[in-house]
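The next block holds one structure in the form of structure tokens; read it before the comments.
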Amino acid sequence: MPEDHMSATSHTGAKPALEYSTSNYILTVVSSWLVPGAGFWMLGYRARAVVFFTTVMALFWGGQALADFRAVNRDLHPVFFVGQVGNGLSTLLSEYTIRRRRPPRIGHGGVARNLPAHLSTGLNFTTISGLLNVLLILHVADPRTWRGDPPPRPGGGSRDGSVREDDGE
Amino acid sequence: MSDLVLWLVFFVLLCLVVAVVCAAIRERDARVIVREATHFFVMMLIGILIFSAIVYVLEWAFNRRL
Chain V
1 MPEDHMSATS HTGAKPALEY STSNYILTVV SSWLVPGAGF WMLGYRARAV
51 VFFTTVMALF WGGQALADFR AVNRDLHPVF FVGQVGNGLS TLLSEYTIRR
101 RRPPRIGHGG VARNLPAHLS TGLNFTTISG LLNVLLILHV ADPRTWRGDP
151 PPRPGGGSRD GSVREDDGE
Chain E
170 MSDLVLWLVF FVLLCLVVAV VCAAIRERDA RVIVREATHF FVMMLIGILI
220 FSAIVYVLEW AFNRRL
């Protein structure tokens, strides 16, 4: 298992706990999409996984609560849904279960009535949490994460001043 | 709680979460994560407030009631 980077002080990279294979790669990326931080957990970066899960989920469900659980709605907010769907399971759960129990309040003439006071904030929170999870997915899908490379520095060097041989290629 | 205070709380909270996640994705050392997150958080606050001020001034200049 790699060192726990959140509590470690080492600046060197560490190999992930999971060996690379096509099935492991696909499973990790899909898990990362479904549950924020799951990919990091599977790779052995447990502390960071907990931080990502907590922050992204709190943002999403906090936004949902602010919007009276009406923030996710593919028909009413199709553009926001594109961002929200980055959150995988939470968005699908909201779209296909919670939403059906909370139909939109449509008044006379097709105009939505009695919208939640913080609907726009809820849309904002849920969409940004989905986009943040896309960042997490991209990081898990990055081959450098699987190699355990140290974070790249501006100019191609690592934090300890060394320059990788393949950085200039 | 007034709308302005609530809006500011939401704004700061959102900036904080984005800063923490973005820093924790890139960095691995906890101290570096805290430092980078703080830096990014302050940059976002200042940047968005400057942008908001510019929009406010433009609105005041071109869209005020004469």
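Those protein sequences? They're chains V and E, same order as listed.
Going by the working numbering, the first sequence wraps up at 169, each residue one higher than the last.
Going by the working numbering, the second sequence wraps up at 235, each residue one higher than the last.
Don't be surprised by glycine CBs; every beta carbon is placed ideally from N, CA and C.
Query raised in the report: When you compare only the Cα positions, how much space is there between V:S23 and V:L131?
Result: A direct Cα-Cα distance of roughly 25 Å separates V:S23 from V:L131.
Query raised in the report: First and last residue of the alpha helix (DSSP H) that includes E:L183?
Result: Annotation for E:L183: the continuous alpha helix (DSSP H) segment containing it runs D172 to R195.
**Report entry** Partner residues on chain V for E:I217, Cβ-Cβ distance less than 7 Å
**Finding:** The premise fails here: E:I217 is roughly 13 Å from chain V at the closest Cβ pair, so nothing lies under 7 Å.
Report task. Give a yes or no on whether 9 Å exceeds the smallest Cβ distance from E:F179 to chain V. Result -> True, the Cβ-Cβ gap to chain V drops below 9 Å.
Query raised in the report: When you compare only the Cα positions, how much space is there between V:W33 and E:N232?
Result: 44 Å
Query - Residues within the segment 184 to 197 of chain E neighbouring chain V, beta-carbon criterion of under 8 Å - result: V186, V187, V189, V190, C191, A193, I194, R195, E196 and R197
Query raised in the report: Leaving out the 5 sequence neighbours to the left and right, which residues in its chain are closer than 6 Å to V:S90 when beta-carbon positions are compared?
Result: F60
Report task. Inspect the beta-carbon positions of E:A192 and E:V174 and report whether they are closer than 9 Å. Result -> no
Requested in this report: Consider the Cβ of V:A17: report whether some Cβ of chain E lies at a distance smaller than 9 Å.
Outcome: no
**Report entry** Status (buried if at least 16 other CB within 10 Å, exposed otherwise) for E:E196
**Finding:** That one is buried.
Query raised in the report: How is V:S21 classed by DSSP in three states: helix, strand or coil?
Result: Of the three classes helix, strand and coil, the one that applies to V:S21 here is coil, per DSSP.
Query - Below-9 Å beta-carbon distance, V:S7 vs any chain E residue - result: Caution applies to V:S7, whose pLDDT of 42 falls short of 50 and renders its modelled position unreliable; the model cannot decide the point.
**Report entry** Supposed contact pair V:V140 and V:G62 - C-beta distance, whole angstroms, cut 8 Å
**Finding:** So it is not a contact: roughly 24 Å between Cβ atoms.
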